[in-house]
Structure formats: structure tokens, C-alpha cells
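S.K.: Chains as they are written, first to last, in the numbering used here: chain A, 1101 to 1384; chain B, 1452 to 1854; chain C, 1384 to 1631. From the three backbone atoms N, C-alpha and C, an ideal C-beta is built for every residue, glycine too. Quantities reported herein were computed from a predicted structural model and do not represent experimental measurements. Just dropping this structure here.
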Amino acid sequence: MTAKTNQKIAFCVFRILGMLVVGLLFWILGFIIYNGIGVISWEFLTGYPTAGMTSGGILPAIVGTLCLIAGSSIIAFPLGILSAIYSSEYAGNGKMVQFIRVMTNNLGGVPSIIFGLFGMALFVNTLGFGDSIIAGSLTLGLLTLPLIIRTTEEALKAIPDSFRTAGLALGATKLQTINRVVLPMAFPNIITGLILSIGRVSGETAPILFTVAAYFLPKLPTGIFDQVMALPYHLYVIATSGTDLEASRPMAYGTALVLIIIVLLMNLLATALRRWFSKKVKTH
Amino acid sequence: MKLIKRCIERIVETILTAGGMITSVIILLIVIFLFKEGFGLFNSPSVEKGYSLCVNTENPIEKLNPFQIKEIFDYEIDNWKNVGGNDEEIILFRFEELFYRYSDEELGENDEFLSQKLGEIIRATPGIIAYLPTEYLSSDCSGIKVLPEAKISVGDFFGRKEWIPTAIPAPQFGVLPLILGTLWVSIFAIAIALPLGLGVAIYLSELAGEKMRKILKPTIELLAGIPSVVYGFFGLVVLVPLIQKLFHLPVGETAFAGSLILAIMALPTIITVAEDAMQNTPRAMREAGLALGANHWQTIYKVIIPYSVSGISAAVVLGIGRAIGETMAVLMVTGNAAVIPHTIFEPVRTIPATIAAELGEAPSGGAHYQALFMLGCILFLMTILISIAAEVISKNHPQRKGI
Amino acid sequence: MIEAKNVDFYYGDFHALKGISMKIENNTVTAFIGPSGCGKSTFLRLFNRMNDLIPDTRLTGECLINGQNIYDKAVDVTELRKNVGMVFQKPNPFPKTIFENIAFGLRVEGINDKNFIQQQVEESLKSAALWEEVKDKLKKSAFELSGGQQQRLCIARALAIKPDIILMDEPASALDPISTSKIEDLIHGLKENYTIVIVTHNMQQAARVSDKTGFFMLGKLVEYNDTKKMFLSPEKEETQNYITGRFG
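Okay, here's the thing in C-alpha cells:
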């Protein structure tokens, strides 16, 4: 009897809790969308900030973020995929691969501000790149490596061994088997991981604070040693230390919404691609 | 042909092996660069480089620690007897004052009489303590006692409660309030997020219908990907004013606001990981519980939760790790006062927020800069410890204990 | 007494049990045999309503225990399951101590009397012929036991809540021959106090332990008879064929 009442009370609490928390999370999303949607316009997306960043657009920040996405991708994609191929296909199951995995996990747990410090010490100061796209891209690239390695490794692990054996049995070398059998099969899931890492890069602020981000720079970059504005840092600036906080609020809502849209798009894209690829595989 | 093929194979394998080491190499580099800069701090003088503190030779004081220097120049200590000297009033003398006392002619065209005048002042005032550029002390030192240059000590760094990196002449690098602030905000955040997250995980895994689950799970995962600045911005415009109003506080930017926003940010992770752990409870366990006459709720809290406890605690530990390292959101809502808070309704400052807020203004290579890197080292060690703890916990899964 | 009246059961569109009726007397051991996928386990799981856990299933007909339809709305499922214990194919002890595994059902019932629990744990372990082997390590993890011991622990765990009926779903299929014979001996001994229904794919086992045997095929109860009769002179040809090994 009491057990039954307990169950009723507990389940009631959990249902309410579930609704409440989910509601709260949606409220945040809804709040930003509701306040930001009116700000977004063609002028906002393609204009330069004006009047102490209280009006105008965010084009330099969008371009800057795109530069950082491109730069960090060039650095992190090949490195991450190489590393994942090594630990999933070559390293076996010994102490070595365990060590690598622990290291990758540890690197994944390192806070982004530490990457910022490290990037500043190594790329900006020691290598003398200064605050530049290249320094920021390198820092962000290293930051996303663990994510890329993990997803790629999972994608490779998901391919059954029978395909590898089949490839080898047909006289292909190990490398050929990986290149022509394993990688193409794992490709959709690898791509998904890469897209998610782009989503991560576009939102990171702490690593770019001291490696690339400019407070206000109303021009587009011309080379990899230029400083750029970036969306997340721009949001931070106009939310906390702009010239006129109240007046720049709409700009902040708009920037926040653009950031959210990028992240949502990346996630949707990843899901859609995965669906599409798996359909394609099935019809073959 | 075959030889070339084999050669290429070999080369690629070598490249791959090097690729496999990349994360280890990065960690090593992080350690080297962080600690190299960070430990430079303990070689830095406690008074700004190029400056010295001088007293009259009559004064029996042999040395002052950075905290005493700060208290003296803050007029908190105004008598030498408080720092172990004679009962005499302390008279502060800053280098700039020289230019009020003497005209440009008196000091000479190329400041050639400057050191001489400084010497005169110090000799004439027994209670004086003067803060001067070291270069002007060289010529005539009779009657002037230069206090020995002390280094910033490890004990002061970890033991002191004052973080005033821009104080002149002796910046204060007491890291205690920052460490406590970080822990306080993070642990309180998890204390909020854990019961909520666990509740939602139970709801999703056990109570919500299949359809509901299929919609909610990916949406919640999606929320984990929203950038922390956006959460910080939401906290700034919604939570901070709300907290200020609700609790009638002078400012809404408090530790509580930081914990709340961190809790919201940690929720998606905790929900997802805990839900996965519960879903992974073998059906045999669930059936065993039910077959013994336990009802659904009893099965949940007596079988499923204990079974998934390692997964859940790994989620908690990871959540704490994330919270400790989270920078932007916390920076935006906690008010950033570097004092040890007495309640959670006061502003605090965390380690990552301090680094983010101050590194831009700290001149490269200076003591402040090095102190911020030292903070980075502390943060790095904290998170590595937490990663290892999470690893150990998830290895401790009940199924792996024997059989 | 257990009774099934014209039971049909569906997993979605799949018709898993077709028009099954049978009666099982108290204090007997009844074995269900048949090829895999014949519905014998599904049928067994109807009697403690374990199939309720599987979504998208449907039942028609009646399952009665002591004259009460257990699928009646008024029936409390947890009370039913306390009366009808179950032992599963694979031993499934909880990741708790041996003692806590046995005490689980009692604690769930809200019993907190330490002495009583202690006494019940001992009694159940003795009934399951496990007491001598574990009495010195009750505080150790149940996972430290061997597979056969774990399965007897699960039987003891079921006994501790004092059911009238015990359902066993291939209880020895994951065990070695020695552990299997221990479990079979145990089933003999338990017959005095319990009604036991056991699903097995091992015909020798059915012949050794049961009083009556039901043979299932493709969701139908082909034949249900005294075990001796069933194995010496079955009435149906399908039974004959299965027993002599012409079906897998």
C-alpha cells in the first residue's frame, strides 16, 4: 500500500521535473529566438558595426568565424583522422593504445581557457604569429582534436572485422583495405563527427580571447596573419563591455541567435547527412 | 613496383603512428608551456621589477613581506611597531612626490641631482619608506637602507587571501579566494543539476513514452552544443536581474547566478549520460527486480539506479570538470570580485574567469602574467585529476567486479 | 492450481501462442518442451505477467491462478509476482552482496526486522542447498559465486518471498553438468512445498525432473500428459518425432 503511494508520488514528481527542466531549456532557446528574430535582416548579416557597435551589422564577425572554422578544420581534420586510424587500425589492444586513449580523454577534459593560455604562449609569443587567424585556428584546431578522434574512432570501430578480413583475403594490403574498404564505409559517421566539431569551433570564446579575437575591427581580413572579429567574442563584448550596453542589446540578441542558428544547422546537417548516407548504403 | 608499394606502406604507417601520438604531444606541450611560464612567478621579485623599497638606516626593520608592504601602502599599517620596528609613524614616499617637492631646475636638466635629493629626503626622515626606481639609488647610499629583494613565495601564493595583481608597489597574488570561488560555484552547480538531471533522466528512461523520448533526447543533446557565451548572455539578461529582485540583493551578479547558469549548462550532459547508463541496465536486472514483487519505482531505485551508479557518477565527475573549467558564462554572471564569499549571494571570481579577464591586461613576462599562467597550471591539474577520477569510476562498473 | 483457458498471444502482428488451454496441479513439477521459438517461454512468462514489459503485445483468453484471472484489472501485479516467483535462463544476481540479494524481496515488501530477515535469508539459502557453501561469505558480492551457485542464489532469492508457484525459464541452460544436476536435485526437493513450472530444451532434463510435460510447437500445445507416458508412448506423431530427435 505504502509502496504504491510512494510510486505514485515519485512518478508524479519526476513527470513534473521532466516537464519543468525540458521547459526551462526550451525557454532559453525560445527567449533568444524571440528577441533575436526581429534583429536579423540582410543588413544585419552583411553590414559593418556602426555607432560604437550599437547598430549596423556583424559581417566582420561572421567572416572571422568562418575563417576560424576553415583554418581549424584544415589543421584538425587530417590530424584527427590520422590519429584515429592509428589507434583503431594499427595500435592493437596493448598498453600503448590504452595510453593514447587516456591521453585523448584527458585532452578532451582540458578547459578551453587552458587552450587559450597555451595558444598564446606557443603560437602568439614563442612562434611569433601574433594575434592572428593562424594562431587562433591552430588553438581551436587542437581544441577539437579529441572530439574528432573520438567520433572517427567510433566510426571505424563500427565497421565489422569481416570486411577487413575480406579485403585482406582478396590480396589487398592493410593500407589498401583501410583506404578502399574501411574508410569509405565509415565515411558518413566520420563526416558527422567533423560537422559537430565545426559547431563546437564556431561557439568557442575562451581560446580565441588572446590568440585572434579583435574587440572592434570593421574590415575584412586579407591574410592569415590578420586579426579578426569572431561571433562568440563579439557577443561577449557587446553584452558586457560595449560603449552603451542598453543600446547594443538588440545587436547582442541578433548575434546570439546567429550563433544558435549555426549550431542548429550543423547538427541538422550532421543528422541529415547520416540519414542520407545510410539510405544510400541500403539501396546498393 | 612491389618495392615502391611496400615503401609507401611503410611511410604511411610511420605517419599514422606519429598521428596517434598527437594528443600526448599536445598534452606534453601544454604542460611545458604552462609550467615554464607559471613557475617563473616564484622567481619574480615581490616588488615590481626595477623598483626598490628603501628606509632610513636608523630603522631596525630588515625585511617586509608583500602583504605588509601592501598594508603599509594602503595606510592599514601606520606605525613601524606593527611590523616589528620602533614605535614610529610610517611616512610613505612615492617616487612621483619628488617632482612636487622640487622644481625641474633643482633636479637638474638631465635629472643629475635626482638621486642626491632622494638621499636627502630619506636621511632626513627616520620613519620613511620610499618606493623608487632602483637606477636612481646608485650614487650615494649612506643613510639609506635598501630592503632586500624578496621573491614571491609558494606559501604566499597558495596561502594568502588577497588577489590584487595590480597593487603598487607589491601586487598580491593570494590564490585562495579564486580556488575557493571556483570550487564553490562548481560544486553548488552540480548540487543543483544532479537531482534535476537525474529526475529528468528517470523520466526519459522509465516514464516517457517511446515517441516522447525520441523527440526529447536529441533536443536535449542539441542544447549541450549551444555556445557558453549564449548561456552567459541569457544568464546576464534574465537570471541576474531575476536573482537581484527575488532575493533583494544589491547586485544580481553572484556566485548563485554562476552556479545556476552552470547547472543549466551541465543539465544536458548529466541527463544524456545518466539516461544512457539507465538504458544500459540489462533487462535481466529489471526483470529480476519485478519478478521478486518489486513495483516499478522500487525497481528503479533499488535495482536500476544502483546498477547505473558508476555511469551516473562518471557523469557527475565530468560535469564538475566542465563546470570548473567553464569560462565565459561564469565570467559574465558572477561579478568577478576576488574575495572569499561568505554566502552564495555574493560576487565571486573563478580561476578561468580571472585568466580570461586579466590576461589581456597583464604585460607579457611580468609577475601578473606569470601568476595567471600559474592559475592555468592549477586549473590544468584539477581537470586532469578529475579526468582520471572519471576514468577510474567508470572502470569500476559492477559488471566488471568479478564474474 | 494454474489454468489457461484458450490463450492467444501476439507480439505486434506475430501470433505467438495459439489457443492454448491447460491445467497444472499444485505441488507438481510441470515441464514445457519444444523447439526454440515455439512459444514455451512466452507462455511461461504469462503467469507472472512478465510479458507486460514488452511493448505492443496483446493477450486474449484467460490465465487463472487458484480460480482468479490474473489479467483482471483488479489484480495487483506486484502481489501476483510475489506469489509467483521466477528464475531466469541466465543467473541474474544484483550487483549487491549475497545477503542483500536474498533480502531484496523482503525489503521491497517493507520488512525491516533484522532478525527476521536474517532468519529468512538462512532458511532460503538452506532450501536452495546453498547455505553450506556461502554461510561464511554472505557479505561478499554475489558475482564472486560460480555460475551454478549464482543460479541457486537466484532460486533462493525467489524462495525468500514465499511464493506458491515458481516459474523456471531454462534455469540450467547456461550451466555445466554438475551444476545442472544440483539444480535438478533441488527441484525435486522443492516440489513438496511449491508448484514448479520449468521450461527446458533438454528433454532428458524434462524426463528427470517433471511429473507432467507439455510439448509446444509453432505456438500450439501439441500434447500435454504425464511425463512417463509422454516419453514412452506419446499420443501425437509430432511429439514422437521431436522426442526421437527428428526436429531440432
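Whole-angstrom Cβ separation of C/Ala1557 and C/Gln1588, contact assumed at under 8 Å?
M.R.: Stepping through the third sequence from its first residue, residue 1557 of chain C is reached at position 174. Stepping through the third sequence from its first residue, residue 1588 of chain C is reached at position 205. Not confirmed; about 13 Å, so no contact.
S.K.: Using a beta-carbon distance cut-off of less than 9 Å, what residues from the region 1768-1779 of chain B approach chain A?
M.R.: For the region 1768-1779 of chain B, which is checked against every Cβ of chain A, the residues closer than 9 Å are Leu1769, Gly1772, Arg1773, Ile1775, Gly1776, Glu1777, Thr1778, Met1779.
S.K.: Measuring only between beta-carbons, confirm whether A/Arg1250 sits less than 8 Å from chain B.
M.R.: Translated into the one-based positions of the first sequence, residue 1250 of chain A becomes position 150. Taking Cβ atoms only, chain B never reaches closer than 8 Å to A/Arg1250, which makes this a no.
S.K.: Closer than 8 Å, Cβ to Cβ, to anything on chain B: give me those residues from the region 1432-1451 of chain C, in chain order.
M.R.: Residues passing the 8 Å Cβ filter: Met1433, Leu1436, Pro1438.
S.K.: If we cut at 8 Å on Cβ distances, does C/Arg1535 have a partner in chain B?
M.R.: In the third sequence, residue 1535 of chain C corresponds to position 152, counting from 1. No, its Cβ sits nowhere closer than 8 Å to a Cβ of chain B.
S.K.: Leaving aside the five residues before and after A/Thr1251 along the sequence, list all residues of the same chain whose C-beta is less than 6 Å from its C-beta, in chain order.
M.R.: For the purposes of this step, residue 1251 of chain A is taken as residue 151 along the first sequence, with counting starting at 1. Closer than 6 Å at the Cβ level, and outside the excluded window around A/Thr1251, lie Gly1293.
S.K.: Under 7 Å, CB to CB, which of the residues in the region 1184-1210 of chain A have a partner in chain B?
M.R.: Correct list: Ile1185, Tyr1186, Ser1187, Tyr1190, Ala1191, Ile1200, Val1202, Met1203, Thr1204, Asn1205, Asn1206, Leu1207, Gly1209, Val1210.
S.K.: Taking Cβ positions only, does C/Pro1478 come closer than 8 Å to chain B?
M.R.: Numbered from 1 along the third sequence, position 95 holds the residue referred to as residue 1478 of chain C. Chain B contact via Cβ: present.
S.K.: Check C/Met1405 in the structure and name its three-state DSSP category.
M.R.: If you number the third sequence from 1, residue 1405 of chain C lands on position 22. Of the three classes helix, strand and coil, the one that applies to C/Met1405 here is strand, per DSSP.
S.K.: Bridge partners for C/His1398 per DSSP, in chain order?
M.R.: Within the third sequence, the letter at position 15 stands for residue 1398 of chain C. Looking at the DSSP assignment, C/His1398 forms a beta bridge with C/Tyr1393.
S.K.: Report yes if the CB atom of C/Asn1553 is closer than 8 Å to the CB atom of C/Val1580, and no otherwise.
M.R.: Along the third sequence, one-based indexing puts residue 1553 of chain C at 170. Along the third sequence, one-based indexing puts residue 1580 of chain C at 197. It should be noted that the sequence gives Glu, not Asn, for residue 1553 of chain C. No.
S.K.: May I ask you to report which of helix, strand or coil DSSP gives B/Pro1584?
M.R.: Start at 1 with the first residue of the second sequence, and residue 1584 of chain B comes out as number 133. Strand at B/Pro1584.
S.K.: Can you tell me which of B/Glu1460, B/Phe1609, B/Ile1751, B/Phe1707 puts its alpha carbon nearest to the alpha carbon of B/Gly1797?
M.R.: Taking the first residue of the second sequence as position 1, residue 1797 of chain B is located at position 346. With the sequence shown as reference, residue 1797 of chain B is identified as Glu, and Gly is not the correct amino acid for it. Of B/Glu1460, B/Phe1609, B/Ile1751, B/Phe1707, the residue nearest in Cα terms is B/Phe1707.
S.K.: May I have the straight-line CA-CA distance separating A/Phe1263 from B/Ile1775, to the nearest angstrom?
M.R.: Position 163 of the first sequence holds residue 1263 of chain A. Position 324 of the second sequence holds residue 1775 of chain B. So the alpha carbons of these two residues sit roughly 44 Å apart.
S.K.: List the residues of chain B that A/Tyr1148 touches, going by C-beta distances under 9 Å, in chain order.
M.R.: The residue given as residue 1148 of chain A occupies position 48 in the first sequence. In chain order: nothing, as chain B lies at least about 21 Å away.
S.K.: Taking only beta-carbon positions, decide if C/Ala1555 is within less than 8 Å of chain B.
M.R.: What you label residue 1555 of chain C is simply residue 172 of the third sequence in a count that begins at 1. No, its Cβ sits nowhere closer than 8 Å to a Cβ of chain B.
S.K.: Does DSSP put B/Gly1853 in a helix, in a strand, or in coil?
M.R.: Sequence index remark: in the second sequence, residue 1853 of chain B carries index 402 (1-based). At B/Gly1853 the pLDDT is 36, less than 50, meaning the model places this residue with poor confidence; the figure from the coordinates comes in the next sentence. Coil at B/Gly1853, not helix or strand.
S.K.: Grouping DSSP H, G and I as helix and E and B as strand, with all else coil, what is B/Ser1679?
M.R.: Looking up residue 1679 of chain B in the second sequence gives position 228. The answer is helix: DSSP assigns B/Ser1679 an H, G or I state.
S.K.: Check the Cβ of A/Pro1246 against every Cβ in chain B and list those closer than 7 Å, keeping chain order.
M.R.: Counting from 1 along the first sequence, the entry for residue 1246 of chain A is found at position 146. Neighbours of A/Pro1246 on chain B, chain order: Thr1474.
S.K.: Would you tell me roughly how many angstroms separate the C-alpha atoms of B/Pro1584 and A/Ile1233, rounded to the nearest one?
M.R.: Locating residue 1584 of chain B in the second sequence gives position 133, where the first residue counts as 1. Locating residue 1233 of chain A in the first sequence gives position 133, where the first residue counts as 1. So the alpha carbons of these two residues sit roughly 39 Å apart.
S.K.: For chain B, check one thing: does any of its Cβ atoms lie closer than 8 Å to the Cβ of C/Val1458?
M.R.: For the purposes of this step, residue 1458 of chain C is taken as the residue at position 75 of the third sequence. No, no contact with chain B.
S.K.: Along chain A, which residues have their Cβ under 8 Å away from the Cβ of B/Thr1468?
M.R.: As a working note, residue 1468 of chain B is residue 17 in the second sequence. Ordered by position in chain A, the residues that pass the 8 Å Cβ test against B/Thr1468 are Tyr1186, Tyr1190.
S.K.: Taking the alpha-carbon positions, what's the B/Leu1810 to B/Thr1801 distance?
M.R.: The residue you call residue 1810 of chain B lines up with position 359 of the second sequence. The residue you call residue 1801 of chain B lines up with position 350 of the second sequence. Answer to the nearest angstrom: the Cα atoms are 14 Å apart.
S.K.: State the Cα-Cα distance for the pair C/Lys1456 and C/Ser1510, rounded to the nearest angstrom.
M.R.: For the purposes of this step, residue 1456 of chain C is taken as the residue at position 73 of the third sequence. For the purposes of this step, residue 1510 of chain C is taken as the residue at position 127 of the third sequence. When rounded, the distance between both Cα atoms is 34 Å.
S.K.: Pair every Cβ in the region 1705-1722 of chain B with every Cβ in the region 1514-1523 of chain C, then say whether three or more of these pairs are closer than 8 Å.
M.R.: No contact exists between the region 1705-1722 of chain B and the region 1514-1523 of chain C.
S.K.: Please go through the region 1494-1566 of chain B and give each complete alpha helix (DSSP H) segment of 4 or more residues, from N-terminal end onward.
M.R.: Within the region 1494-1566 of chain B, the complete alpha helix (DSSP H) runs of at least 4 residues are 1517-1524, 1548-1552, 1555-1558.
S.K.: In terms of residues, what are the limits of the beta strand (DSSP E) holding C/Tyr1607?
M.R.: Here residue 1607 of chain C is taken as the residue at index 224 of the third sequence, counted from 1. Note, C/Tyr1607: beta strand (DSSP E), 1603-1609.
S.K.: So if DSSP puts A/Ala1313 in a beta bridge, which residue, or which two residues, is it bridged to?
M.R.: If you number the first sequence from 1, residue 1313 of chain A lands on position 213. Beta-bridge pairing links A/Ala1313 to A/Val1328.
S.K.: Which residues share a DSSP beta bridge with C/Cys1446?
M.R.: Counting from 1 along the third sequence, the entry for residue 1446 of chain C is found at position 63. DSSP output for C/Cys1446 lists C/Ala1387 as bridge partner(s).
S.K.: Any beta carbon of chain B sitting closer than 8 Å to that of A/Ile1213?
M.R.: The count along the first sequence starts at 1 and reaches residue 1213 of chain A at position 113. It does: the Cβ of A/Ile1213 has a partner Cβ on chain B nearer than 8 Å.
S.K.: When you compare the CB positions of B/Gly1827 and B/Leu1485, do they come within less than 8 Å of one another, or not?
M.R.: Counting from one through the second sequence, the residue named residue 1827 of chain B turns up at place 376. Counting from one through the second sequence, the residue named residue 1485 of chain B turns up at place 34. Contact flag set, yes.
S.K.: Take A/Phe1390 and list the residues in its own chain whose beta-carbon comes closer than 6 Å to its own, dropping the five residues that flank it on each side.
M.R.: Absent from the model: residue 1390 of chain A. The displayed extent of chain A is 1101 to 1384, so no value can be given.
S.K.: Give me the subset of the region 1746-1758 of chain B whose CB atoms are less than 9 Å from a CB atom of chain A, sorted by chain position.
M.R.: Per Cβ criterion, the list reads Asn1746, His1747, Trp1748, Gln1749, Ile1751, Tyr1752.
S.K.: Assuming contact is defined by CB atoms lying nearer than 8 Å, are C/Leu1427 and C/Leu1528 in contact in what I supplied?
M.R.: In the third sequence, the residue the question calls residue 1427 of chain C occupies position 44. In the third sequence, the residue the question calls residue 1528 of chain C occupies position 145. Taking 8 Å as the Cβ cut-off, C/Leu1427 and C/Leu1528 do not qualify as a contacting pair.
S.K.: Is it the case that the Cβ atoms of C/Met1469 and B/Ala1742 are separated by a distance below 8 Å?
M.R.: Along the third sequence, read from residue 1 onward, the residue named residue 1469 of chain C stands at position 86. Along the second sequence, read from residue 1 onward, the residue named residue 1742 of chain B stands at position 291. Yes, the pair counts as a contact, with Cβ atoms nearer than the cut-off.
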